[in-house]
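Residue numbers (this note's numbering): 382 to 580.
Just so you know, even glycine gets a beta-carbon here, dropped at the ideal spot from N, CA and C.
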């Protein structure tokens with residue numbers, strides 16, 4: 382008797398490979414930025430180079446997938462923080478996560494945005510920016526509504542602040558820690574002070 386229903390396992394295997402590649406790529410981008418080695422990504426993911434290229438024919442396609450996955454995670458984090466924390470704390474934690482993301486990718490996100498030339502890629506990047514803006518605006522509105530954040534602050538200003546912090550921190554030895562500390566200092570001016578790590 383022949384094997385029954387071979388397709389679903391293949392699809393499951395392909396999905397697992399895809400997820401492992403994304404996870405490995407995120408780790409390598411955090412270490413090396415946009416110049417992360419595709420061979421090392423494949424090795425960390427436990428797949429061959431052919432499998433990696435089957436899922437992602439180009440480096441920029443892989444970087445874009447990593448970027449989009451992290452944006453989705455940040456949007457989910459915004460919803461979770463809103464449900465679990467007071468408004469000002471939720472906003473502070475989320476902006477810190479955003480700044481850390483920008484810092485540890487070491488310019489990969491900016492390189493990606495500058496290098497994508499197709500209308501489809503530009504549309505996806507604009508959608509990612511829109512999703513982050515909406516997530517930040519929702520958290521900001523809650524914090525302003527309960528009076529813990531100044532009402533003259535805009536979501537665009539806060540995302541610009543997070544981007545500036547990530548730029549300042551990305552080339553330091555511990556980018557995540559430095560971004561967290563800088564963001565804590567900056568956010569004290571909102572009337573929503575967050576913890577400022579020492580050391």
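TODO: Let me know the secondary structure DSSP gives residue 394 once reduced to three states.
DONE: Position 13 of the chain shown, counting from 1, holds the residue named residue 394. If DSSP states are grouped into helix, strand and coil, residue 394 belongs with the helices.
Task: Buried or exposed by the 16-neighbour rule on C-beta atoms within 10 Å, applied to residue 471 - done: By 1-based counting over the chain shown, the position of residue 471 is 90. Counting Cβ neighbours within 10 Å, residue 471 comes out buried, since at least 16 surround it.
- [ ] Would you tell me roughly how many angstroms separate the C-alpha atoms of residue 420 and residue 511, rounded to the nearest one?
- [x] The count along the chain shown starts at 1 and reaches residue 420 at position 39. The count along the chain shown starts at 1 and reaches residue 511 at position 130. Between residue 420 and residue 511, the C-alpha separation is close to 33 Å.
TODO: Return the first residue and the last residue of the alpha helix (DSSP H) that residue 557 is part of.
DONE: Residue numbering aside, residue 557 sits at position 176 when the chain shown is read from its first letter. Counting along the chain, the alpha helix (DSSP H) containing residue 557 begins and ends at 556 to 568.
Open item on the list: Distance check for residue 516 and residue 456, CA to CA, integer angstroms please.
Closed with: The sequence position of residue 456 within the chain shown is 75, counting from 1. The sequence position of residue 516 within the chain shown is 135, counting from 1. Going by the C-alpha atoms only, they are around 6 Å apart.
TODO: Just the C-alpha distance for residue 552 and residue 415, rounded to the nearest angstrom, thanks.
DONE: By 1-based counting over the chain shown, the position of residue 552 is 171. By 1-based counting over the chain shown, the position of residue 415 is 34. Looking at the two C-alpha atoms, the distance is approximately 14 Å.
Open item on the list: Just to check my reading of the structure: residue 598 and residue 462 have Cβ atoms closer than 8 Å, yes? What is that Cβ distance to the nearest angstrom?
Closed with: What is shown of the chain runs 382 to 580, which leaves residue 598 out entirely.
TODO: Going by CA-CA distance only, name the one from 562, 536 and 406 that's closest to residue 448.
DONE: Within the chain shown, residue 448 is the residue found at index 67, counting from 1. Checked all of 562, 536 and 406; the closest Cα to residue 448 is 406.
Task: DSSP-derived helix/strand/coil call for residue 462 - done: Stepping through the chain shown from its first residue, residue 462 is reached at position 81. The answer is helix: DSSP assigns residue 462 an H, G or I state.
Task: Proximity of residue 529 and residue 459 at Cβ, strictly below 8 Å - done: Along the chain shown, one-based indexing puts residue 529 at 148. Along the chain shown, one-based indexing puts residue 459 at 78. Cβ atoms of residue 529 and residue 459: not closer than 8 Å.
- [ ] Leaving aside the five residues before and after residue 522 along the sequence, list all residues of the same chain whose C-beta is less than 8 Å from its C-beta, in chain order.
- [x] By one-based count along the chain shown, residue 522 stands at place 141. The answer is none, since no qualifying residue turns up.
TODO: For residue 457, name the three-state secondary structure that DSSP assigns.
DONE: Sequence index remark: in the chain shown, residue 457 carries index 76 (1-based). Of the three classes helix, strand and coil, the one that applies to residue 457 here is helix, per DSSP.
Task: C-beta contact flag for residue 411 and residue 485 at 8 Å - done: Along the chain shown, one-based indexing puts residue 411 at 30. Along the chain shown, one-based indexing puts residue 485 at 104. The answer is yes: Cβ separation under 8 Å.
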